[in-house]
Amino acid sequence: MDIDIKNLHPLEIKVLLNYKGDEITAEQIDAQLGFGSQSNQIFSWLSGKGLIKEKSRTLRTIYELTELGSEYKTKGTPRERILRLLQAKGAMRLNEIATALQMENKDVGTAFGQLSKEGILSMDAEKKAEAKSFDPSGTMKTIRALLEKGKQIVEADLLEAEKKVMATISKKRGAAGAPFKIIEREDVVYEFTPEGLEAKKMLQDKGVTGDEIGVLTPDMLKKGDWKGKIFRSYNVNTPPARLIIGRHNPYTVFLDSIKDKLVSLGFEEYDGPLVETEFWNCDALFMPQFHAARDIHDVYHIKSPTMAKEIEEPYLDRVAEVHKNGWTTGSRGWGYEFDHNFTKRLILRSQGTALSAKQLHKANIPGKYFGIARCFRYDKVDATHLSDFYQTEGIVLGKDVNMKTLLGLLKMFAVEFAGATEVMYVPGYFPFTEPSVEIHVKHPVLGWIELGGAGIFRPEVTKPMDVDVPVLAWGIGIDRMALMSLGLNDLRELFSPDIENVRLRRSK
Amino acid sequence: MPKIEVSANALYKYMGKKVTGQEFIDLIQCAKAELDEEDGDVLKIELNDTNRPDLWSTAGFGRLLKLYLGGKIPEYPFFSRKGDIKDNGGREVHVDPSIKDIRPYEVCFMVKGKEGISDEGLKDIIQTQEKLCWNYGRKRKSIAMGVFRSDMLKFPLKYYAADPDNTKFAPLGFEEKMTLRQILEKHPKGIEFGHIIKDFPGYPYITDCEGNTLSMPPVINSNESGAVEVGDKNLVVEITGTDMPSLVLSASIVACDLYDSGFEVLPVKVVYPYDTPFGREVTIPYYFQEPVTVDVAYVNKLLGEKFTAEEAAQYCQKMGSRTKVDGDIITVYPPEYRNDFLHSVDAIEDIMIGRNLKNFIPEMPSDFTKGKISDESQFGRQIKNIMVGLGYQEMTYCYLGSAKDFIQKMNITPENVVQIANPMSENFEFVRPSVLPCLLNSESISSNAVYPHNIFEIGKIALINPEENYGVSTINSLGFLSADKDTTFNSLNSQITALFYYIGADYTLKEIEDPRFITGRCAEVISGGKEVGIMGEVNPVVLENWGIQVPCAACELNLDIILADTRK
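These protein sequences, in sequence, are chains A and B. In terms of numbering that gives the first Met the number 0, the first sequence is numbered consecutively and its last residue is 507. In terms of numbering that gives the first Met the number 0, the second sequence is numbered consecutively and its last residue is 567.
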């Protein structure tokens with residue numbers, strides 16, 4: 000067994016240093032080192048470390064003065080009190096004695112019985128107790144002596160006669176009615192093991208005394224007590240306790256890092272309500288009202304209220320015209336009668352692009368905007384689909400932006416967000432952009448993935464919002480990268496309610 | 000997005016060339032297509048552009064690939080145009096006024112083959128029909144198509160609204176005759192599509208001049224003429240619906256496909272008793288598309304290139320359009336089978352794809368703009384940092400949930416909670432009205448995690464609010480919950496004090512009753528003279544509802560009001 004004296008408590012050190020180790024008992028160290036009730040604790044530490052072992056064990060009986068015993072000691076035992084009373088008042092009936100001494104009749108009876116047996120009292124013709132002598136009997140003297148011996152009496156210290164008397168006035172259980180309680184105790188004698196002796200030697204060699212400073216207290220610093228003393232060495236490998244700390248959620252940290260990157264690239268953040276109108280969610284994006292993606296099975300409708308009170312003008316009029324005949328956008332429109340009630344219908348925002356549409360009429364030119372928007376989809380929830388999730392989208396407005404600058408922007412995103420080494424652009428389709436592209440990137444871990452889609456907003460989308468410059472619109476999918484960065488593979492885990500799970504999560 | 004299955008060999012025939020592997024994957028990008036799966040000769044292709052129904056068939060898909068590989072723009076001589084109506088050979092469809100308010104339009108043409116239709120050809124035409132009617136025709140609502148054996152029919156055909164109870168025919172797959180209403184009730188297709196016509200007094204019905212039934216569109220063909228088989232040489236294609244341009248385009252797509260596969264196309268004149276966008280007499284196939292013009296300067300502005308008008312026109316042709324160049328102006332004539340040029344930008348995308356995206360060199364945008372996160376995000380970050388400093392773990396939750404979690408377990412009434420009218424499941428039927436149920440849900444499933452539990456979230460909640468234009472307020476909310484044996488109102492209040500100190504705002508508490516909290520240990524948080532939130536010890540009734548056996552104290556604050564106040 001390895002002995003590491005650094006693991007020893009100062010009290011253990013003292014025990015090891017102060018004894019030869021052939022025979023030590025708790026009593027001994029209590030008396031000599033003044034450890035009080037800690038002795039047994041120290042023995043248990045030392046034997047736990049294998050430095051001491053039990054040598055012998057003997058049973059010992061102790062008599063402890065009870066509350067009643069203490070009362071007997073000060074006020075006198077019933078026999079003593081009766082005798083004193085009769086000496087003062089002369090012969091009395093038993094019930095008179097009980098009244099005078101405020102004692103129970105039966106206790107007076109018991110004492111009278113004992114006294115008459117000892118030949119001290121007798122009953123006269125008037126049924127009065129009468130004393131023959133006022134000298135206490137031998138038994139009474141022994142009891143008085145026992146009461147005066149102190150709080151605890153060790154059986155071994157008693158004479159045979161005392162032992163006999165003690166047996167009549169002590170109880171193991173229910174001792175409240177007796178002057179003494181019997182306590183049985185085991186005396187254990189310990190000895191040092193060879194390891195204990197070796198530890199003792201190591202302590203001596205190193206000059207460790209057990210008086211080294213343990214915890215450095217403010218008081219020591221105030222008084223300067225530490226000066227000239229040695230600090231106890233700690234075991235630096237002792238495992239520390241676990242701490243529960245306050246922490247950011249790794250997923251929001253990831254989202255914030257995306258935000259910070261976009262801000263560093265000159266983008267300003269926008270946001271909006273969870274409940275949107277069909278108008279901003281789709282109509283303003285030139286998605287015809289009969290579009291397949293606007294089906295009841297693709298968008299969540301609000302039960303009540305079902306409609307917005309109004310849609311901002313002049314945008315509603317213009318968008319309605321755009322759908323009908325293109326308005327002044329140069330488009331022929333979708334050629335159908337725009338439904339002014341349908342457009343007011345309230346839904347849960349299904350695409351982040353709704354926020355881009357709303358931003359257009361407030362946007363600066365040149366301007367760059369982005370949003371990380373919570374969106375809702377009519378999807379069965381599983382490892383790759385959620386009913387609500389974040390979409391990352393943005394727009395770039397400028398006189399000179401074009402398809403090539405869009406590709407440049409996407410390439411920068413590919414490097415910044417995916418650490419991509421290669422990118423590939425392919426034609427894409429979105430109802431609100433034309434031309435449209437998709438960007439695929441070679442992610443260092445995930446391989447080729449589709450990073451996102453982008454395009455130039457259709458004039459049918461921008462002109463009604465008073466925007467006459469090209470607007471690049473883009474959306475990037477960051478969830479797969481988020482999962483990878485958090486070491487997860489199930490989208491539901493991003494929104495985990497499990498506290499321990501989230502506490503233990505680290506981001507790469 | 001439609002997915003089609005094509006035979007690779009049939010496709011190569013249409014393309015005039017065999018292209019495989021990565022080269023094929025790259026090539027089909029011009030059609031915004033992806034190869035989903037390859038299984039022997041069968042290719043499963045996903046097509047992303049919902050405005051290009053012409054690509055949803057082997058013939059149409061192959062046609063674009065052939066063009067993109069340098070093929071010539073095909074001629075389709077059978078199309079009638081304004082001022083150039085082809086001979087219909089006496090074939091006519093007479094539309095009856097009775098159908099006008101039910102399903103007003105019908106178009107029709109005939110094809111004749113030297114050889115009968117092949118197994119592959121038949122499969123392809125059925126697939127085209129399905130994709131057209133499903134994806135483009137909104138599940139037959141606006142477009143429904145039928146193909147018939149013309150040998151069994153005699154022109155002119157008649158399209159009218161028939162009496163549902165006194166008209167009988169044997170629908171496809173059935174021998175016995177049933178009334179139209181019975182078919183809607185009994186035939187599988189009647190059950191599936193009957194809702195489109197069920198409530199009309201008469202049902203759309205097509206017969207030949209001798210009264211032989213073709214079909215009851217958009218539901219089912221007749222069992223006799225409607226069961227086309229391999230080897231049939233002469234076919235009639237008829238399409239009914241609600242939007243004339245979509246019908247005519249659909250007819251054009253199918254006609255071009257059949258023509259490309261070797262059939263001769265024979266026009267049919269459809270005669271209406273009322274106006275259509277193309278007149279009262281329309282000879283099908285009919286070219287109605289309008290040309291779009293685009294200035295090459297606009298092309299170059301959007302694409303960031305310096306193309307000449309001729310170059311741009313050339314790229315456009317590669318995608319199938321004929322063009323005419325006049326100075327800087329390019330006129331683009333959409334191909335017979337396309338009608339997706341709504342704006343000149345649609346032509347510009349064709350030019351981009353025709354040029355091939357690989358040839359565009361990315362450039363960085365040169366405008367300087369100032370980046371900024373929103374005030375709400377900035378404020379949220381400030382608060383998150385304080386909460387973390389207070390020992391709280393940040394959580395992120397879904398916003399949708401059930402009545403059980405958001406209402407019943409919380410011991411509240413539902414009047415302010417936003418409910419979804421068409422939920423997918425009752426587990427996701429409500430938008431959360433508070434962050435607290437999410438926090439309690441966490442606590443309820445985390446009793447094994449080492450205590451104390453201090454958790455928070457900053458996120459959005461929604462509440463019905465009649466004063467808002469949308470009738471609903473979205474609020475940026477901070478919710479936090481502390482669960483531990485020693486958690487009390489006072490320990491929570493200490494944390495709120497610290498939070499407000501670092502926000503730089505004052506607050507007071509006003510005792511209120513709220514069923515979520517213990518009475519006498521619950522208070523409104525008031526800051527800047529406004530009610531900004533609630534705090535208190537969570538009601539044991541609520542804890543029991545969640546199965547939580549540790550005392551919890553919780554607080555929720557409206558960050559929008561506090562932010563507006565601190566910015567004053």
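Think of the CB as a built atom: it goes at the ideal place given N, C-alpha and C, for glycine as much as any other residue.
> What span of residues does the beta strand (DSSP E) with Arg56(A) cover, start to end?
Replying inline: 51-64
> Out of Glu91(B), Pro76(B), Asn134(B), Ile98(B), which has the shortest C-alpha to C-alpha gap to Ser56(B)?
Replying inline: Asn134(B)
>> Would Glu459(A) and Thr327(A) qualify as a contact pair, given that the criterion is a beta-carbon distance under 8 angstroms?
In response: no
>> Once the 5 residues before and after Gly273(A) are set aside, which same chain residues still bring their CB inside 7 angstroms of it?
In response: Note on residue identity: the sequence assigns Leu, not Gly, to residue 273(A). Hits under 7 angstroms: Leu347, Arg348, Arg373.
> Should Asp35(B) be labelled buried (16 or more other beta-carbon atoms within 10 Å of its own) or exposed?
Replying inline: exposed
>> I need the straight-line Cα distance from Lys72(A) to Ser169(A), nearest angstrom please.
In response: 15 angstroms
> So, helix, strand or coil for Cys554(B), using DSSP?
Replying inline: strand
> Would Leu508(B) pass as a contact of Gly478(B) if the rule is Cβ separation under 8 angstroms?
Replying inline: no
> What are the residues that DSSP puts in a beta bridge with Ile371(A)?
Replying inline: Thr391(A)
> Which residues in chain A sit within 7 angstroms of Ser445(B), going by Cβ to Cβ distance?
Replying inline: Asp497, Ile498, Glu499
> Lys116(A): buried (16+ other C-beta within 10 angstroms of its C-beta) or exposed?
Replying inline: exposed
> Which one of Glu310(B), Ala346(B), Gly240(B) has the shortest CA to CA distance from Val94(B)?
Replying inline: Gly240(B)
> Are the Cβ atoms of Leu152(B) and Leu213(B) separated by less than 8 angstroms?
Replying inline: yes
>> If contact is defined by three or more beta carbon pairs under 8 angstroms, each pair taking one atom from either stretch, is the region 252-269 of chain A in contact with the region 440-458 of chain A?
In response: no
> If we ignore side chains and look at the alpha-carbon of each, how far apart do His322(A) and Ser330(A) end up?
Replying inline: 9 angstroms
> What runs of the beta strand (DSSP E), each 3 residues or longer, lie entirely inside the region 273-305 of chain B?
Replying inline: 280-283, 291-294
> Which of the three DSSP states, helix, strand or coil, is assigned to Lys65(B)?
Replying inline: helix
> Can you tell me where the alpha helix (DSSP H) with Ala539(B) in it begins and where it stops?
Replying inline: The sequence shown places Pro at residue 539(B), not Ala. Unbroken alpha helix (DSSP H) run through Pro539(B): 539-545.
> Considering only residues of the same chain and omitting the five flanking positions on each side of Asp242(B), which have a CB-CB separation below 6 angstroms?
Replying inline: Ser141
> Does any CB atom of chain B fall closer than 8 angstroms to the CB of Val107(A)?
Replying inline: no
> Closest by CA to Ala124(A), which one among Gln101(A), Leu114(A), Ala90(A), Ala144(A)?
Replying inline: Ala90(A)
> Would you say Tyr332(B) and Arg321(B) are within 8 angstroms of each other, going by their C-beta atoms?
Replying inline: yes
> Phe494(A) to Met394(B), Cα distance in whole Å?
Replying inline: 8 angstroms
>> What does the Cβ neighbour count give for Asp381(A), buried or exposed, with the cut at 16 atoms within 10 Å?
In response: exposed
>> Going by DSSP in three states, Tyr202(B) sits in which element: helix, strand or coil?
In response: strand
> So Glu22(A) packs on Val207(A), CB below 8 angstroms; how close in whole Å?
Replying inline: Between Val207(A) and Glu22(A) the Cβ distance is about 23 angstroms, and since that is not below 8 angstroms, they are no contact.
>> Am I right that Lys260(A) and Glu415(A) are in contact with their C-beta atoms under 8 angstroms? What's the rounded C-beta distance?
In response: 5 angstroms
> Beta-carbon of Phe266(A) versus every beta-carbon of chain B: anything under 8 angstroms?
Replying inline: yes
> Under 8 angstroms, do Cys551(B) and Ser446(B) count as touching if we go by C-beta distance?
Replying inline: no
> Does Lys81(B) come within less than 8 angstroms of chain A when only Cβ atoms are used?
Replying inline: no
> Pairing CB atoms from the region 50-64 of chain A with CB atoms from the region 94-114 of chain A, are three or more of them under 8 angstroms?
Replying inline: no
>> Am I right that His300(A) and Arg344(A) are in contact with their C-beta atoms under 8 angstroms? What's the rounded C-beta distance?
In response: 7 angstroms
>> Check this for me: beta carbons of Leu462(B) and Asn538(B), under 8 angstroms apart or not?
In response: no
> DSSP state of Asp102(A), grouped into three classes?
Replying inline: Sequence check: residue 102(A) is Met here, not Asp. In this structure, Met102(A) counts as coil in the three-state DSSP scheme.
> Are there 16 or more other CB atoms within 10 angstroms of the CB of Met464(A), so buried, or fewer, so exposed?
Replying inline: buried
> What does Met91(A) pair with, by DSSP beta-bridge criteria?
Replying inline: Ala128(A)
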